[in-house]
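See structure below.
Numbering (this note's numbering), first residue to last: 980 to 1471.
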């Protein structure tokens, strides 16, 4: 039956299927891998043997890929599984193209792939690669890259996004190249069009990518049925899914992973929606923390919802805090966490629904985006702001998505919060000292290079600082959000 995009929300039904990702083993230690990879990108020093007095040494020219990378933003786009959890990221280099350059011109593609590998080397993504897949769009010419042998293979998926060879021997060259990459231990992904007429290529890939964004619903259904019948054990990845209705349709079509702008889509607000009581209790606890209430008052606020108490105790007793003995008393837990840490956790619990009927399909993805925003803004401020203002930046970033979680307008969502004027101004008016940081975080999600450069300069930073803080924020939330899942995994 053809799938028709609908404008309203659809109740998702059917049996869920979890996808188990088995990372390829790494033969080198992660730190050795990245040190080796970085060394390949460092320009060699020019040796001068001229007699004294020697002329001033001429610095070696910067390799083109390094020049591109230094002037570009490393974008990480989340990829969700069927459980609506972020399980992978696609890394791409975002940089304005010269007006005369054709999109995906051969030399440009190779240059951008080299720049991507340079970024990948410097980002030091050991923590991310330990838990999630990373997709890198490259061409088969990556085989010629001197850094390839030092690239980590664990959870790294090379997406063969183009092929530069001539059409006469395209199939043979592509097959030979992909075979070599498989022998080196890489996982491979490939667009379904490249696999249409060559069974050998289909046998080599681990993930099959379908560009759902450019297919009409009947065509998408036909492609899915053909691939499911022919390659039923290969996970299908729906690419460029740009709105929630398309995501829901792809999910019903049994795609395993989902990529695109749908994660950031807004839905129509419901004027009659009511915030669940357990989230109201969390908001009241937050307000009490803001005014530095005593541990006794904080405990009373938390006990307004016993489940909130249970979740906070699970947090403080989690392995992350490495307690010698468990804490059973709420007041002791509050004293141990302190006001700042307690505020972070209580804020995070607003993004964790206790009842299935309250849970939006994008809840986990939105929570992660909110955390990355908040942590990125806090890190970027660094020593430029006092600690209290950095904490406010974190709050601005996290609460910037509260309207989506509550399914209401931002002014109404903030009504029950007691917030400083600068926080409210940034969230409602995009004004004040915190506003450029929030706008920069949002621009990073969209990969808007020009806006990123402009806003980074307004915040007193360059692209290198933006890239560094984005990666640090992304790796930080892996443990933070994981603890939130653990705290909310059992209710009652």
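Even for Gly, the Cβ is constructed at its ideal location relative to N, Cα and C.
Remember, it's a predicted structure, so these values are computed and weren't measured experimentally.
Margin query: Does the contact criterion of 3 or more C-beta pairs under 8 angstroms hold for the stretch 1445 to 1457 versus the stretch 1349 to 1364?
Written below: yes
Next item on the list: Indicate whether the contact test is met: 3 or more Cβ pairs, each with one atom in the stretch 1312 to 1320 and one in the stretch 1399 to 1414, closer than 8 angstroms.
Entry: no
Check: Can at least three beta-carbon pairs, one atom from the stretch 1249 to 1263 and one from the stretch 1276 to 1295, be found at a separation below 8 angstroms?
Finding: yes
Note to self: Checking the sheet assignment: what are the DSSP bridge partners for residue 1141?
What the structure shows: 1118
Checklist line | Span of the beta strand (DSSP E), counted from its first residue to its last, around residue 1067 | finding: 1065 to 1073
Notebook entry, point to check: With a CB to CB cut of under 7 angstroms and the five nearest residues on each side skipped, what residues in its chain are close to residue 1221?
Noted result: 1192, 1239, 1240, 1241
Next item on the list: Figure out for me which residue from 1213, 1111, 1322, 1226 has the closest Cα to the Cα of residue 1199.
Entry: 1226
Item checked: Start-end ranges of the beta strand (DSSP E) lying completely within the stretch 1185 to 1258, minimum 3 residues -> 1186 to 1190, 1215 to 1218, 1236 to 1238
Item checked: Environment of residue 1371 [buried if 16+ CB atoms lie within 10 Å] -> buried
Check: In terms of residue numbering, what span does the beta strand (DSSP E) encompassing residue 1166 cover?
Finding: 1166 to 1170
Note to self: Taking DSSP's pairing of strands, which residues face residue 1055 in a bridge?
What the structure shows: 1070
Notebook entry, point to check: Near residue 921, what residues of its chain come up, given a Cβ to Cβ distance below 7 angstroms and the 5 sequence neighbours on each side ignored?
Noted result: The chain is shown only over 980 to 1471; residue 921 falls outside these bounds and no answer can be derived.
Check: Measuring CB to CB, does residue 1414 end up less than 8 angstroms from residue 1405?
Finding: yes
Checklist line | DSSP three-state assignment for residue 1329, whether helix, strand or coil | finding: coil
Notebook entry, point to check: residue 1369 lies in the alpha helix (DSSP H); which residues open and close that run?
Noted result: 1366 to 1378
Checklist line | Option nearest residue 1141 by Cα separation, candidates 1153, 1243, 1331 | finding: 1153
Checklist line | Separation of residue 1262 from residue 1129, as counted between CA atoms | finding: 49 angstroms
Notebook entry, point to check: CB-CB under 6 angstroms to residue 1451, same chain, minus the five flanking residues each way: which ones, in chain order?
Noted result: 1358
Notebook entry, point to check: What residues are listed by DSSP as bridge partners for residue 1112?
Noted result: 1067
Check: Among residues of its own chain, excluding the 5 on either side of residue 1056, which ones have a beta-carbon nearer than 6 angstroms to its beta-carbon?
Finding: 1069
Item checked: Opening and closing residue of the alpha helix (DSSP H) in which residue 1419 lies -> 1414 to 1425
Next item on the list: Evaluate the contact criterion for the stretch 1057 to 1066 versus the stretch 1335 to 1349: three or more CB pairs, one atom per stretch, below 8 angstroms.
Entry: yes
Check: Considering only residues of the same chain and omitting the five flanking positions on each side of residue 1190, which have a CB-CB separation below 6 angstroms?
Finding: 1218, 1219
Notebook entry, point to check: When you compare only the Cα positions, how much space is there between residue 1327 and residue 1264?
Noted result: 12 angstroms
Checklist line | Three or more C-beta pairs below 8 angstroms linking the stretch 1109 to 1129 and the stretch 1151 to 1171 | finding: yes
Next item on the list: Starting from the Cα of residue 1092, find the closest Cα among 1127, 1111, 1433 and give me that residue.
Entry: 1127
Next item on the list: Taking only the alpha-carbon atoms, compute the straight-line gap between residue 1230 and residue 1215 and give it to the nearest angstrom.
Entry: 11 angstroms
Check: Going by DSSP, which residues form a beta bridge with residue 1135?
Finding: 1113
Checklist line | Alpha-carbon to alpha-carbon, residue 1201 and residue 1445 | finding: 42 angstroms
Check: Ends of the alpha helix (DSSP H) at residue 1343?
Finding: 1342 to 1360
Note to self: Please list the terminal residues of the continuous alpha helix (DSSP H) segment that includes residue 1383.
What the structure shows: 1381 to 1385
Note to self: Taking the straight line between their C-alpha atoms, what separation do you get for residue 1416 and residue 1348?
What the structure shows: 15 angstroms
Check: Do residue 1136 and residue 1185 come within 8 angstroms of each other at the CB atom, strictly closer than that value?
Finding: yes
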